[in-house]
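Colleague: Throughout, the numbering used here is defined as the position within the sequence shown, counted from one, plus 3. Take this structure first; my questions come after.
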Amino acid sequence: MPIPRFATVLPLVAALVLGVVAPAWAAATAAPVIHHDLDVALDPAAGTLEVTDRVTLPSGTREFRLLPGLTLRETSAAGRPVPVRRSGDRVTLTVPEGAGPVTIRYGGMLPGFGKDRAIGAAMDGEGAFLPGLSGWLPSTGGEPPGWRLSVRVPEPFAAVATGRLVKEVREAGTYRAVFEEPRGVEEPSLFAGPWTVTERMHGALRLRLYGHPGQEALAGDYLDLTARAIDGYAARIGAYPFDGFSIVSVPPPVGLGFPGLTALGRSVLPLPFVRGQSLTHEILHNWWGNGVRMGEGGNWAEGLTTYLADHAAAEDRDPAAGRAMRLDWLRDYAALPAERDSRLTDFRGKTHDASQIVGYGKAAMLFHMLRDEIGADAFDAGLRGFWSAHAFQEAGWTDLRRAFETAAKRDLGGFFAQWLDRRGAPALTLADARAEGNAVRLTLRQEADRPYALSVPVAVETPAGIERHRLRLDGRDASATLRTAARPLAVTVDPDFALFRRLGAGEAPPILRDVTLDPGTAVIVAATGEAATAARALADRLVDGKAGNAGAGSPALLVGTDEAVAAALAGRGLPPVPESLAGRGSARVWTARPAGGAPLLVVSGADAAALQALLRPLPHYGRQSWLVFDGARAADRGVWPVGDSPLRRSLAGR
4 MPIPRFATVL PLVAALVLGV VAPAWAAATA APVIHHDLDV ALDPAAGTLE VTDRVTLPSG
64 TREFRLLPGL TLRETSAAGR PVPVRRSGDR VTLTVPEGAG PVTIRYGGML PGFGKDRAIG
124 AAMDGEGAFL PGLSGWLPST GGEPPGWRLS VRVPEPFAAV ATGRLVKEVR EAGTYRAVFE
184 EPRGVEEPSL FAGPWTVTER MHGALRLRLY GHPGQEALAG DYLDLTARAI DGYAARIGAY
244 PFDGFSIVSV PPPVGLGFPG LTALGRSVLP LPFVRGQSLT HEILHNWWGN GVRMGEGGNW
304 AEGLTTYLAD HAAAEDRDPA AGRAMRLDWL RDYAALPAER DSRLTDFRGK THDASQIVGY
364 GKAAMLFHML RDEIGADAFD AGLRGFWSAH AFQEAGWTDL RRAFETAAKR DLGGFFAQWL
424 DRRGAPALTL ADARAEGNAV RLTLRQEADR PYALSVPVAV ETPAGIERHR LRLDGRDASA
484 TLRTAARPLA VTVDPDFALF RRLGAGEAPP ILRDVTLDPG TAVIVAATGE AATAARALAD
544 RLVDGKAGNA GAGSPALLVG TDEAVAAALA GRGLPPVPES LAGRGSARVW TARPAGGAPL
604 LVVSGADAAA LQALLRPLPH YGRQSWLVFD GARAADRGVW PVGDSPLRRS LAGR
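Shown next, in the form of structure tokens:
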């Protein structure tokens, strides 16, 4: 229901979550060393922010980050000035022994929501976007603080922050609210907008959608899905760790997760994939990333969340959808140049497509292989043990490994080491396969700098159906005889893409990322005038890295207007636009891999406007082989058919 005007919402009772008594860690979590008591006044239309922060922190010299555009007006303790130095966004305070809370009063104007500016603290007539660690409040960047935040904003705006909603009221043309988080979770994030707020209580949890005008109809589906997701994850992992969950519509086209809150771009919120995949991903981050924070040794949270949210949702819809997602991850990896590969322990966060391929896709595949290795029951027990031991603490890959070892009652050091500490992946070869009565005799081989220890799935087709087997491959090669209930007709190695490996030639059709991920990609512009300018801007957006020094065997990006692109293809002896795409839409995009040559990506638009329209959407379609655009809308897309898999062998006549 919408928030009643001129009403105060009473504090939530948080002792029970989904009918389960709060776990011991909820009461035992030590109070953070730093605590902010914030009084914030926002005026989005004017772009101004005024803050009084009474911050409790240890004595001594402390350095904070504060946006350069915000002016320090006062730094004092117990009524006396506190020495302060400032250089750019760095503020250094010297806190006297026994001085008590330090008052830091500051304010100023923030930048607005520009189309091309990086995502950071911003405010204008559309609202306020103040994520934690963006510099809108004094930030140490170290141990997360506790905090209490009181905010006021003029109507028609409302405000929402991370943390528990203590109270809210509308009166005299002003919206006021108080939020708090006494545990060390994350620095507060604060948002404001001209929203309609729809609320639903789910047990003791307060679920809300803060929607822009016209988005009211989305609330029912969003809140239904939120309730189901929280219940499902709580049953599998442990009690939901916050007092509610809010979905907040914001001006930038983002999808960001915060403790108890997700910020979704106003233009993004209505998109079907957000409800189908992105929302549950952000909800699960309340356990992995916000509930258990990432410690030393790399970012495990994105891979675990991708596997338990995105992949699990796909498998729930259809096992074939889970298989397709795993194949997408492996196709992405096949497109990754060797020099851009990295170890999982080096991944901290997504900075470009190459880092996402390792940090999300490879990490998710690690958890898929782990579940196959130790079994679903032990895997889920490991998740629960990890959560119980590390909620509201930092934890790393080593802590995860120990939790799964405890659940599986076995050493997993070798399994984790080969996937975490090494670059690369094995390539499998079906060296031999032949029928021997009601059995298959096969030999598998792996290519890698040193052998991986693998449990390889093998499917054998018989007149009675498909039989599933496993073959251990711990060295360069392994041979085995697989007994079957009926005469074997064909054999396929890893048919469901359950292993992280290099795809064979017939398994990986050309996709956009084959070209866009390679920093040596040659860029060819086939256009003049304004169209040439648009083509060059699009090429800069597409190539994920600085293109240069392209050789004869380098991938190529050809971008321009239709007639000029056709002439450039003909002049290089390359095939024209595929018949299935010819004459469709305002722009066509396709990949090709000429015989014996490097991959080619072609972007052909009717004119400068058609190319300009692709600037924002096209970089998001790296897994596709071809697309047809009507303006900025992808009207059709797909992946070229694959050839015969080198890991499948017919046994007829063998």
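Where is the CB? At the ideal position from N, CA and C, for every residue including glycine. Please read all numbers here as calculations on a predicted model, not as lab measurements.
Taking 8 Å as the threshold (C-beta atoms), are T165 and E183 in contact?
Modeller: Cβ atoms of E183 and T165: not closer than 8 Å.
Colleague: Just curious, the beta strand (DSSP E) that W593 is in, first and last residue?
Modeller: It spans A590 to A595 - the beta strand (DSSP E) in which W593 sits, taken as one unbroken run.
Colleague: If you follow the alpha helix (DSSP H) that W332 is part of, which residue opens it and which one closes it?
Modeller: Element bounds for W332: P322 to A337.
Colleague: Do L60 and V94 have their C-beta atoms within less than 8 Å of each other?
Modeller: Against a cut-off of 8 Å, the Cβ pair of V94 and L60 comes out as no contact.
Colleague: For G625 versus R453, is the C-beta distance shorter than 8 Å?
Modeller: Going by C-beta atoms, G625 is not nearer than 8 Å to R453.
Colleague: Hey, out of G478, R473 and R479, whose CA is closest to L485's CA?
Modeller: The candidate whose alpha carbon is nearest that of L485 is R473.
Colleague: Can you give me the C-alpha to C-alpha distance between T465 and R471, rounded to a whole angstrom?
Modeller: Looking at the two C-alpha atoms, the distance is approximately 11 Å.
Colleague: With 16 other CB atoms within 10 Å as the buried threshold, where does G478 fall?
Modeller: G478 should be labelled exposed.
Colleague: Please determine, among T97, S137, L136 and A44, the residue with the shortest C-alpha to C-alpha distance to R108.
Modeller: That would be A44, whose Cα lies nearest to the Cα of R108.
Colleague: When the Cα atoms are used, what is the spatial distance from D647 to V496?
Modeller: Near 13 Å, if we compare the C-alpha coordinates of V496 and D647.
Colleague: Give the secondary structure of F276 by DSSP, where H, G and I count as helix, E and B as strand, and everything else as coil.
Modeller: It is helical.
Colleague: Starting from the Cα of E146, find the closest Cα among V98, H39 and Y213 and give me that residue.
Modeller: When each option's Cα is compared against that of E146, the closest is H39.
Colleague: Shortest alpha-carbon distance to L136 belongs to which of G563, G144 and G130?
Modeller: Answer by Cα proximity: G144.
Colleague: Quick check: what's the CA-CA separation for H284 versus R490?
Modeller: Looking at the two C-alpha atoms, the distance is approximately 45 Å.
Colleague: Who are E183's beta bridge partners in DSSP?
Modeller: In the DSSP output, where bridge partners are listed per residue, E183 has R151 and R167.
Colleague: G241 CB to nearest chain C CB: under 8 Å?
Modeller: Annotation note: the requested chain C is absent from the structure, which comprises a single protein chain.
Colleague: Where does the unbroken beta strand (DSSP E) through F261 begin, and where does it stop?
Modeller: G258 to F261 is the extent of the beta strand (DSSP E) around F261.
Colleague: Which class does E464 belong to by DSSP, given the choice of helix, strand or coil?
Modeller: Correct three-state label for E464: strand.
Colleague: Can you name the start and end residues of the beta strand (DSSP E) that H371 belongs to?
Modeller: Where H371 is concerned, there is no enclosing beta strand (DSSP E), although the alpha helix (DSSP H) it sits in stretches over A366 to I377.
Colleague: How about the region 558-569 and the region 639-654: do they share at least three Cβ pairs that are nearer than 8 Å?
Modeller: No, the region 558-569 does not touch the region 639-654.
Colleague: For the region 350-366 against the region 204-217, are there 3 or more C-beta pairs whose distance is under 8 Å?
Modeller: These segments do not touch.
Colleague: Would you please state the rounded distance, in angstroms, between the beta carbons of V58 and P141? I believe it to be under 8 Å.
Modeller: About 7 Å; that satisfies the 8 Å criterion.
Colleague: Would you decide whether P602 is buried or exposed? Buried here means 16 or more other CB atoms lie within 10 Å of its CB.
Modeller: Buried, because 16 or more other Cβ atoms sit within 10 Å of the Cβ of P602.
Colleague: Which whole-angstrom value is the C-beta distance of V163 and F194, which I expect to be below 8 Å?
Modeller: 5 Å between Cβ atoms; contact.
Colleague: Indicate the three-state DSSP secondary structure (helix, strand or coil) for R68 in the structure shown.
Modeller: Three-state DSSP puts R68 in a strand.
Colleague: Look up P602 in the DSSP assignment and give the residues it is bridged to.
Modeller: In the DSSP output, where bridge partners are listed per residue, P602 has none listed.
Colleague: Ends of the beta strand (DSSP E) at R453?
Modeller: Counting along the chain, R453 falls outside any beta strand (DSSP E), and DSSP gives it neither H nor E.
Colleague: Roughly how many whole angstroms lie between the Cα atoms of T448 and L433?
Modeller: The sequence as given places Arg at residue 448; Thr does not occur at that position. In a straight line, the C-alpha of R448 is about 6 Å away from that of L433.
Colleague: Leaving out the 5 sequence neighbours to the left and right, which residues in its chain are closer than 6 Å to E533 when beta-carbon positions are compared?
Modeller: Taken in chain order, the residues that qualify are A611.
Colleague: Take every Cβ of the region 245-254, pair it with every Cβ of the region 196-211, and state whether three or more of those distances are shorter than 8 Å.
Modeller: Contact holds: three or more Cβ-Cβ distances are below 8 Å.
Colleague: Going by C-alpha distance, which of A379, S252 and R343 is nearest R239?
Modeller: Of A379, S252 and R343, the residue nearest in Cα terms is A379.
Colleague: Here's a check: name, in chain order, each residue in its chain whose Cβ is nearer than 8 Å to the Cβ of G556, leaving out the five neighbours to either side.
Modeller: Counting only Cβ-Cβ distances below 8 Å, and skipping sequence neighbours, we find G600 and A601.
Colleague: In whole angstroms, give me the CA-to-CA distance for D499 and R231.
Modeller: Cα-Cα distance, rounded: 28 Å.
Colleague: Leaving out five residues on either side along the sequence, give the residues of the same chain with a beta carbon under 7 Å from the beta carbon of G634.
Modeller: Excluding residues within five positions, the ones whose Cβ falls inside 7 Å are S589 and A616.
Colleague: Cα separation between F370 and V54?
Modeller: Distance between the alpha carbons of F370 and V54 is about 44 Å.
Colleague: For P35 and W291, what's the separation of their Cα atoms in angstroms?
Modeller: Their Cα atoms are separated by approximately 20 Å.
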